[in-house]
Amino acid sequence: MIDLDDTDRAILRALALEAGVSAGELGRRFGISQPGAWRRVKRLEEAGVLGGVQVDVDRAALGFGVTVFLGVKLATRGRVSLEDFERAVMAIPEVQVVQHVLGLFDYRLRVVARDIADFERVLRRRIMTLPGVGNVEANVLLTEERRPGPLG
Numbered sequence: 001m002i003d004l005d006d007t008d009r010a011i012l013r014a015l016a017l018e019a020g021v022s023a024g025e026l027g028r029r030f031g032i033s034q035p036g037a038w039r040r041v042k043r044l045e046e047a048g049v050l051g052g053v054q055v056d057v058d059r060a061a062l063g064f065g066v067t068v069f070l071g072v073k074l075a076t077r078g079r080v081s082l083e084d085f086e087r088a089v090m091a092i093p094e095v096q097v098v099q100h101v102l103g104l105f106d107y108r109l110r111v112v113a114r115d116i117a118d119f120e121r122v123l124r125r126r127i128m129t130l131p132g133v134g135n136v137e138a139n140v141l142l143t144e145e146r147r148p149g150p151l152g
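Take the sequence shown: its position 26, counting from 1, is numbered 26 in UniProt numbering, and each next residue is one higher.
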């Protein structure tokens, strides 16, 4: 674990909100030189705290207006392997995230669709036909707020 000071945490918060901000801008915001800001970002990258830059795609602008979280419980009969299920579900383009979880369900999926009818098609024709699928529970996303995470 890396020791972080207040400036490191402030840089992390700034990068979590705007990943493309320059070292010069970080320096101006936090009262340090551009090379000093660059060295701090580089140290955070080398320590594995920063793992790359992500692009936030507006799914609605691309025509995907519905997001559904699915809880999937695998059937106990037949004992399909977790790897077989994961491989099959990852091949479905509408499935954006696959999480193996502990609790009522074995997996949590984030599925995007153009509308509810499109989601129903994906559910019936693709997800419910996957190997080992038992029970499925759907939760439709209404709103989403994001936080940069536990940065102190």
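Ideal placement from N, C-alpha and C gives every residue a C-beta, glycine not left out.
DSSP three-state assignment for residue i, whether helix, strand or coil
{"i": "A138", "result": "strand"}
{"i": "Q34", "result": "helix"}
{"i": "V53", "result": "coil"}
{"i": "V122", "result": "helix"}
{"i": "V41", "result": "helix"}
{"i": "V21", "result": "coil"}
Boundaries of the beta strand (DSSP E) in which residue i is found, first to last residue
{"i": "A113", "result": "107-113"}
{"i": "L74", "result": "66-74"}
{"i": "V98", "result": "95-100"}
Exposed unless 16 or more other CB atoms sit within 10 angstroms - verdict on residue i
{"i": "V101", "result": "exposed"}
{"i": "I2", "result": "exposed"}
{"i": "R40", "result": "buried"}
{"i": "L15", "result": "buried"}
{"i": "D8", "result": "buried"}
Backbone CA spacing between residue i and residue j [nearest angstrom]
{"i": "G24", "j": "Q34", "result": "4 Å"}
{"i": "V55", "j": "L123", "result": "27 Å"}
{"i": "V57", "j": "V111", "result": "15 Å"}
{"i": "F30", "j": "N139", "result": "41 Å"}
{"i": "R108", "j": "V89", "result": "11 Å"}
{"i": "L142", "j": "F69", "result": "11 Å"}
{"i": "L62", "j": "D115", "result": "12 Å"}
Residue interval of the alpha helix (DSSP H) (run including residue i)
{"i": "D84", "result": "82-90"}
is_contact[residue i, chain C] using C-beta, thresh 8 Å
{"i": "V101", "result": "Included in the structure is just one protein chain, with no chain C present."}
Any contact between the region 61-77 and the region 103-114? By contact I mean 3 or more CB pairs, one from each, below 8 Å.
Yes, they touch.
Is the region 41-51 in contact with the region 91-98, if contact means three or more CB pairs nearer than 8 Å?
Touching, no, given that fewer than three Cβ pairs across the two stretches are closer than 8 Å.
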